[in-house]
Every structure is written in C-alpha cells, then in structure tokens.
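**Q** Structure below; questions to follow.
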Amino acid sequence: MSDNSMRNQNLTILSEVSRQPKGSEWLWHPKVVEMYKGVLQNRDISSTSREAAIGALQNITTGEAWWSSVLSGVVMEQERMLPILLDLLDTNSEMELRPLTGLLKNLAGHSANKDHMAKNMVNALVSKLPCDGLQKTPSSEVVSNLCAALNHLVTCSSIAARDISYFNGLPKLVGIKSFHDNSPGSIKTAKAASTVLYNMFQYNKLHKDYKQKGFTRQDFTEATI
Numbered sequence: 045m046s047d048n049s050m051r052n053q054n055l056t057i058l059s060e061v062s063r064q065p066k067g068s069e070w071l072w073h074p075k076v077v078e079m080y081k082g083v084l085q086n087r088d089i090s091s092t093s094r095e096a097a098i099g100a101l102q103n104i105t106t107g108e109a110w111w112s113s114v115l116s117g118v119v120m121e122q123e124r125m126l127p128i129l130l131d132l133l134d135t136n137s138e139m140e141l142r143p144l145t146g147l148l149k150n151l152a153g154h155s156a157n158k159d160h161m162a163k164n165m166v167n168a169l170v171s172k173l174p175c176d177g178l179q180k181t182p183s184s185e186v187v188s189n190l191c192a193a194l195n196h197l198v199t200c201s202s203i204a205a206r207d208i209s210y211f212n213g214l215p216k217l218v219g220i221k222s223f224h225d226n227s228p229g230s231i232k233t234a235k236a237a238s239t240v241l242y243n244m245f246q247y248n249k250l251h252k253d254y255k256q257k258g259f260t261r262q263d264f265t266e267a268t269i
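Residue numbers are given in this note's numbering: position 74 of the sequence shown equals residue 118, and the series is strictly consecutive.
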C-alpha cells in the first residue's frame with residue numbers, strides 16, 4: 045500500500061470515530077487536535093496556554109507509532125494547521141519555540157508527501173536558523189529540531205535541498221557546522237547541521253547550484269566533531 049493510500053485509510057478511519065471521548069481519552073483522541081487548533085487561533089490567549097497546546101500536539105505526534113502518524117495526518121490534512129504553526133515561529137520565546145520546532149520536526153517526519161511539505165515549510169525553517177553555532181539564540185534544542193525537520197525533508201525530497209539553497213540556508217548550515225563551542229548543545233547542533241548538508245549533497249543535479257553559491261564538496265562532508 046502506498047503512503048498516500050495508507051494516509052487516506054487513516055483519515056477514513058478517523059472520520060468514523062464519532063463517539064465523544066471521555067476522561068483520559070481526550071489525551072489521544074483526534075478530536076483533541078481541533079480543540080488545540082482553536083486555542084492557537086485565539087490571539088488573546090496567554091503564552092503559557094499557547095505553549096501548553098503546542099506541547100500537547102508535540103507529544104501526541106512524537107515517535108514512530110502508527111497512531112502518532114495518524115494524528116500528524118489530522119494536524120496537517122484534516123485541520124490544516126501548518127500555516128498557523130509556521131506563523132507561530134515568529135517569536136523569540138524559547139518556551140514556545142522548543143515544543144513548536146519539535147512538533148514541526150514530527151510533522152515533517154510523518155509527512156507522506158515530502159515535496160509538498162518542503163515547498164511550504166523550508167523557507168520558514170531556514171529563516172529561523174542562526175548564522176553559526178556560536179549564537180545563543182535560538183537555543184541549541186530549537187536549532188537541533190529545525191535541522192532535524194529539514195533533514196526529514198531532504199532525505200526524501202530534492203525540492204527540499206533545492207529550497208534550502210535558494211533561501212540561503214547553506215551559509216547558515218555551514219556556519220552551524222563549522223563555528224561552535226565545545227558545549228554538548230553546540231556540538232549536537234553542529235552534527236545535526238552536518239547531517240543535513242551531507243544529505244543535500246546526495247543530489248548530484250544540485251552540485252552546480254551549490255558551486256555557483258561558492259560551496260565546495262568539503263562543506264558538505266560530515267565533520268568529525
């Protein structure tokens with residue numbers, strides 16, 4: 045069964061879930077996604093409430109389990125929340141950015157159509173990356189999540205690699221990989237950026253574009269950090 049057929053089957057199953065959840069069932073039931081969407085669309089809510097809603101969505105979409113994938117499909121295809129989530133990246137609040145980028149990483153990983161996801165997501169993710177690994181904001185956890193989301197897309201989509209280059213993500217990724225301190229968080233982000241670069245270089249048809257932007261094979265080599 046193809047990924048698209050499986051995702052359609054998942055959503056068909058969900059459409060048949062008509063019973064109102066009770067008690068702890070709300071923690072994992074598809075109806076909870078609609079509730080959290082309403083919370084995030086309310087501009088008057090507190091940052092704490094927004095953080096809690098994003099964190100809950102991150103939790104229910106985390107992991108490789110079938111249900112996590114199904115709920116990611118509800119977020120993306122049924123509730124169409126990606127534009128809302130990408131708009132929320134326009135904040136400096138680490139308390140919101142950590143779960144938000146974790147959620148986007150989950151959604152990128154579960155997405156059946158990586159090309160479509162790349163077209164909608166890469167620009168926003170790249171714009172949030174720091175110029176190198178020496179910056180203190182955003183935090184190393186946020187940067188690692190951003191790189192992981194990009195890597196989920198790049199491994200399956202040449203469009204993702206192309207768009208990272210187009211939106212000037214290469215200088216940032218090379219900077220994160222090459223210029224960092226020896227703290228555990230900084231080393232983790234350097235490795236994450238290095239992995240994205242390595243996978244971007246697997247698309248031979250993009251080598252000319254990379255070269256025109258001034259980058260060499262060495263920039264894409266996985267570094268020993």
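Built from N, CA and C at the ideal position, the CB exists for glycine as well.
Note that the structure is predicted; figures quoted are calculated from it, not measured.
#1: How about I231 and D176: do their beta carbons lie closer than 7 Å?
#2: Could you check the C-alpha separation between S91 and L133 for me, to the nearest Å?
#3: Provide the residue(s) that pair with G177 in DSSP beta bridges, ordered along the chain.
#4: Taking all protein chains shown into account, decide if K149 is buried (16 or more other Cβ within 10 angstroms of its Cβ) or exposed.
#5: Can you tell which of R261, S155, N103 and H73 has the C-alpha that lies nearest to the C-alpha of L194?
#6: Looking at the structure shown, is P215 part of a helix, part of a strand, or coil, going by DSSP?
#7: Decide if D131 is buried, meaning its Cβ has at least 16 other Cβ atoms within 10 Å, or exposed.
#8: Below 6 Å CB to CB, which residues in the same chain sit around T105 once its five sequence neighbours on both sides are set aside?
#9: Please report the straight-line C-alpha distance between R261 and L214, rounded to a whole angstrom.
#10: With burial defined as no fewer than 16 other Cβ atoms inside 10 Å of the residue's Cβ, what is the status of S209: buried or exposed?
#11: Helix or strand or just coil, what does DSSP make of R142?
#12: Which whole-angstrom value describes the C-beta separation of V218 and D253, a residue pair presumed to lie in contact below a C-beta threshold of 8 Å?
#13: In whole angstroms, give me the CA-to-CA distance for R94 and Q256.
#14: Return the first residue and the last residue of the alpha helix (DSSP H) that T92 is part of.
#15: Do you know whose CA, among S222, A109, D159 and Q179, lies nearest D207's CA?
#16: With distances taken from CA atoms, which of F211, V77 and P228 is nearest V166?
#17: CA-CA distance, G258 and F245?
#18: Since L190 and K163 should fall inside the 8 Å C-beta cutoff, what is the C-beta to C-beta distance between them, to a whole number of angstroms?
#19: If you draw a straight line from the alpha carbon of R142 to that of A97, how long is it in whole angstroms?
#20: P127 lies in the alpha helix (DSSP H); which residues open and close that run?
#21: In angstroms with no decimal places, state the Cα-to-Cα distance between Q179 and V186.
#22: Compute the beta-carbon to beta-carbon distance between D243 and T199, rounded to the nearest angstrom, for a pair I have assumed lies under 8 Å.
#23: By how many angstroms is the C-alpha of A237 removed from the C-alpha of Q102?
**A** Result, derived from the coordinates:
#1: no
#2: 13 Å
#3: H224
#4: buried
#5: S155
#6: helix
#7: exposed
#8: S112, L115, S116 and N150
#9: 12 Å
#10: buried
#11: helix
#12: So it is not a contact: roughly 15 Å between Cβ atoms.
#13: 42 Å
#14: S91 to T105
#15: D159
#16: F211
#17: 14 Å
#18: Not confirmed; about 17 Å, so no contact.
#19: 13 Å
#20: L126 to D131
#21: 12 Å
#22: The sequence shown places Asn at residue 243, not Asp. About 5 Å; that satisfies the 8 Å criterion.
#23: 22 Å
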